[in-house]
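*Asks:*
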Amino acid sequence: MARFRFRMQSVLDLKLRLEEQQKNAFAAAKKRLDEETDKLAALYARKEGYEQRGREQRAEALHIQDIIDNENAIIRMKEYIADQIAVIAKCEQQVEAERVKMVEMMKERKTYERLREKAFEQFIEDEKHEEGVINDEHNSYVYGIKE
Numbered sequence: 008m009a010r011f012r013f014r015m016q017s018v019l020d021l022k023l024r025l026e027e028q029q030k031n032a033f034a035a036a037k038k039r040l041d042e043e044t045d046k047l048a049a050l051y052a053r054k055e056g057y058e059q060r061g062r063e064q065r066a067e068a069l070h071i072q073d074i075i076d077n078e079n080a081i082i083r084m085k086e087y088i089a090d091q092i093a094v095i096a097k098c099e100q101q102v103e104a105e106r107v108k109m110v111e112m113m114k115e116r117k118t119y120e121r122l123r124e125k126a127f128e129q130f131i132e133d134e135k136h137e138e139g140v141i142n143d144e145h146n147s148y149v150y151g152i153k154e
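Numbers given in the numbering used here equal positions in the sequence shown, counted from 1, plus 7.
Shown next as structure tokens:
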């Protein structure tokens with residue numbers, strides 16, 4: 008029996024490598040998004056801490072400078088949070104772009120795998136046909152000589 012050789016195996020191998028690279032790029036983008044989301048959560052927690060501290064300062068004796076400093080810190084935290092939300096939106100767009108690329112790579116790979124499967128099925132059919140021809144020739148020879 009002959010060996011099966013897929014003519015486009017090198018293309019399929021390339022598609023597999025490209026898909027793996029795209030999966031890694033998607034994972035990196037997702038990781039960055041997660042890190043940026045964690046930073047946002049930390050900023051919200053820090054802002055909440057400043058707000059709590061401001062409430063405590065107002066409950067105690069009034070120290071105007073401390074209250075002003077606290078209000079300025081809260082304002083800065085709001086700015087940092089707004090900036091971080093913009094960064095997260097950009098990261099989400101990057102994750103979505105990488106996901107779209109990854110899906111496209113997977114489709115291409117699956118297309119070549121289907122082509123390989125069809126070529127293998129055709130190979131099997133050809134081998135069966137060739138084996139049948141050989142058996143027919145062998146039987147005609149064996150039974151043809153005895154007659």
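For each residue, glycine too, the CB sits at the ideal point set by N, CA and C.
Note that the structure is predicted; figures quoted are calculated from it, not measured.
1) Do Gln-64 and Ser-74 have their beta-carbon atoms positioned less than 7 Å apart in this structure?
2) Between which two residues does the alpha helix (DSSP H) carrying Glu-67 extend?
3) Taking all protein chains shown into account, do 16 or more other C-beta atoms lie within 10 angstroms of the C-beta of Leu-69, making it buried, or fewer, making it exposed?
4) Measure from the alpha carbon of Ala-34 to the alpha carbon of each residue in Glu-120, Ala-104, Tyr-150 and Ala-66, then state which is nearest.
5) Rounded to a whole number of angstroms, what is the C-alpha to C-alpha distance between Ile-95 and Ala-126?
6) Measure the C-alpha to C-alpha separation of Ala-89 and Asn-31 and round it to an integer number of angstroms.
7) Within its chain, find whatever has a CB closer than 7 Å to the CB of Arg-123; leave out the 5 residues flanking it on each side and keep chain order.
8) Is the stretch 111-119 close to the stretch 22-31, with three or more CB pairs under 8 Å?
9) So, under 8 Å CB-CB, Leu-40 and Cys-98 are touching, yes? Tell me the CB distance rounded to an integer number of Å.
10) Compare the C-alpha of Asn-77 against each of Glu-26, Gly-61, Ile-92 and Val-149 and name the closest.
11) Can you give me the C-alpha to C-alpha distance between Tyr-148 and Glu-138, rounded to a whole angstrom?
12) Any C-beta of chain D sitting closer than 7 Å to the C-beta of Glu-124?
13) From the DSSP output, in three-state form, read off Arg-121 for me.
14) Report the option in Val-102, Thr-118, Val-140 and Glu-120 whose CA atom is closest to the CA atom of Gln-29.
*Replies:* A quick look at the data gives this:
1) As a working note, residue 74 is residue 67 in the sequence shown. As a working note, residue 64 is residue 57 in the sequence shown. Contrary to the premise, residue 74 reads as Ile rather than Ser in this sequence. Yes, they are a contact pair.
2) As a position in the sequence shown, residue 67 is number 60, starting the count at 1. First-last for Glu-67: undefined, no H or E at that position.
3) Within the sequence shown, residue 69 is the residue found at index 62, counting from 1. Exposed, because fewer than 16 other Cβ atoms sit within 10 Å of the Cβ of Leu-69.
4) Position 27 of the sequence shown holds residue 34. With distances taken between Cα atoms, Ala-34 lies closest to Ala-104.
5) By 1-based counting over the sequence shown, the position of residue 95 is 88. By 1-based counting over the sequence shown, the position of residue 126 is 119. Between the alpha carbons of Ile-95 and Ala-126 lies a distance of about 46 Å.
6) Residue mapping note: residue 89 aligns to position 82 of the sequence shown, counting from 1. Residue mapping note: residue 31 aligns to position 24 of the sequence shown, counting from 1. Answer to the nearest angstrom: the Cα atoms are 29 Å apart.
7) Locating residue 123 in the sequence shown gives position 116, counting from the first residue. Phe-13 and Leu-19, listed in sequence order.
8) They touch, by the three-pair rule.
9) Within the sequence shown, the letter at position 33 stands for residue 40. Within the sequence shown, the letter at position 91 stands for residue 98. Going by Cβ atoms, the distance from Leu-40 to Cys-98 rounds to 4 Å, so yes, they are a contact pair.
10) Here residue 77 refers to the residue found at position 70 of the sequence shown. Looking from the CA of Asn-77, the closest CA among Glu-26, Gly-61, Ile-92 and Val-149 belongs to Gly-61.
11) By one-based count along the sequence shown, residue 148 stands at place 141. By one-based count along the sequence shown, residue 138 stands at place 131. Those two C-alpha atoms are separated by around 15 Å.
12) Absent from the structure is chain D; it holds one protein chain and no more.
13) Locating residue 121 in the sequence shown gives position 114, where the first residue counts as 1. Residue state for Arg-121 is assigned as helix, using DSSP reduced to three classes.
14) Position 22 of the sequence shown, counted from the start, is the residue given in the question as residue 29. Answer by Cα proximity: Val-102.
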